[in-house]
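Numbering (the UniProt record's numbering) for the sequence shown: 1 to 209. For every residue, glycine included, the Cβ atom is placed at its ideal position computed from N, Cα and C. Computed from a predicted model, the values in this text were never measured in an experiment.
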Amino acid sequence: MSKARFYLIYLVLIMTAVFVSVHRDVHVPVAKPLDEIPLRVASWAQVDDVYFSEAVLDQLRPTDYLYRVYVNEEKQPVTLYVGYHGGGPDSGPIHSPKHCLPGSGWQAVSEKSRALNIDGDDVQLVEAVYQHGDRREIFWYWYQVRGESLTNEYALKFAEILNSIRYQRRDSAFIRISTIFQEADSVSSSAVEQFVRDFYPKIKAVLPQ
Numbered sequence: 001m002s003k004a005r006f007y008l009i010y011l012v013l014i015m016t017a018v019f020v021s022v023h024r025d026v027h028v029p030v031a032k033p034l035d036e037i038p039l040r041v042a043s044w045a046q047v048d049d050v051y052f053s054e055a056v057l058d059q060l061r062p063t064d065y066l067y068r069v070y071v072n073e074e075k076q077p078v079t080l081y082v083g084y085h086g087g088g089p090d091s092g093p094i095h096s097p098k099h100c101l102p103g104s105g106w107q108a109v110s111e112k113s114r115a116l117n118i119d120g121d122d123v124q125l126v127e128a129v130y131q132h133g134d135r136r137e138i139f140w141y142w143y144q145v146r147g148e149s150l151t152n153e154y155a156l157k158f159a160e161i162l163n164s165i166r167y168q169r170r171d172s173a174f175i176r177i178s179t180i181f182q183e184a185d186s187v188s189s190s191a192v193e194q195f196v197r198d199f200y201p202k203i204k205a206v207l208p209q
């Protein structure tokens, strides 16, 4: 190795060490409290709120979260979860459903990427079916970072690192919508899609851009 290359690598290592030692990500609050997501939107009405135990909260460490059940006029229940992680020292990382669901006894049946255009936004998301015993549910989920929707944890980590370097912020959100699913059930999938279309603007409004 030439001396010039050695000194260049040495300089890069020093600069990296200095950056790591002085760099601090700031905590980014939500734009609005998550519970300001309306109880009624279009044909949907909230029927229940779900709260995590302290043990679960200690594991997930969200800055804020909202976990609700809504029903439409056909009494189709749909569950909404929004977990926000502000990027501060007390905020934990987002847990991928690919790991959390199997860890809770759910087995993946199918998965595919979807894209919806909602109010001019290109919303990228994952549609997945999971099974636990005889029960099947369909899940639509995505990660949201500075107004951009992402579909996998690798893109999420890259966005968090890039935003940390450029803006000193690592805030991100995980959005999941689910309902009971039967084999070849187009009704459940249609209900979830309509829910996403109705609620996406409301969810976007409470998250930082």
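In the structure shown, E137 adopts extended strand secondary structure according to DSSP, grouped into three states. For the pair I138 and L125, the Cα-to-Cα distance works out to about 13 Å. At least 9 Å separates the beta-carbon of S190 from that of Y84. Only residues of its own chain outside the window of five on either side were considered, and among them G87, G88, Q168, R169 have a CB closer than 8 Å to the CB of V26, listed in chain order. Residue pairing by DSSP places Q209 opposite no residue, since no beta bridge is assigned to it. In this structure, Q182 sits near R136, with a CB-CB distance shorter than 9 Å.
Taking 8 Å as the upper bound for CB-CB distance, W140 and E127 are in contact here, some 5 Å apart.
In the DSSP annotation of this structure, the continuous segment of the alpha helix (DSSP H) that includes F158 starts and ends at 153-167. Taking C-alpha positions only, Q59 is separated from V50 by approximately 17 Å. In the structure shown, Q59 falls within a helical segment according to DSSP collapsed to helix, strand and coil. The secondary-structure analysis by DSSP pairs P38 with nothing; it has no beta-bridge partner.
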